[in-house]
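A.B. asks:
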Amino acid sequence: SEWRMQLARGWLERDRLSVAEVSERCGYRSEAAFSKAFKRIVGIGPGEFRRVHASRKDTHDLPQED
2 SEWRMQLARG WLERDRLSVA EVSERCGYRS EAAFSKAFKR IVGIGPGEFR
52 RVHASRKDTH DLPQED
């Protein structure tokens, strides 16, 4: 399960796949079951994870002020 969630984190963060697509890639039959497992292992839900990491990436992409 933890290995699948590592893959899921990468897909949510790098590839920006939908939660439904990631759920399917991880072998879950339902998005709800995937979301519950993701939250249990990672500590936050997959949608929130993607939002947090997307906003971090966006701030890293900004030019640095000198």
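The sequence shown begins at 2 in our numbering and counts up by one. All C-beta atoms in this analysis are idealised placements derived from N, C-alpha and C, irrespective of residue type, glycine included.
1) Rounded to whole angstroms, what is the Cα-Cα separation between serine 36 and arginine 17?
2) Just to confirm the assignment: which complete alpha helix (DSSP H) runs, minimum length 4, are found wholly within the region 8–32?
3) Would you say alanine 38 and valine 23 are within 7 angstroms of each other, going by their C-beta atoms?
4) Helix, strand or coil for arginine 42, going by three-state DSSP, please let me know.
5) Run through DSSP, which three-state label would serine 2 get?
C.D. replies: On the basis of the data shown:
1) 16 angstroms
2) 20–26
3) no
4) Per the sequence shown, the amino acid found at residue 42 is isoleucine instead of arginine. Note: isoleucine 42 maps to helix in three-state DSSP.
5) coil
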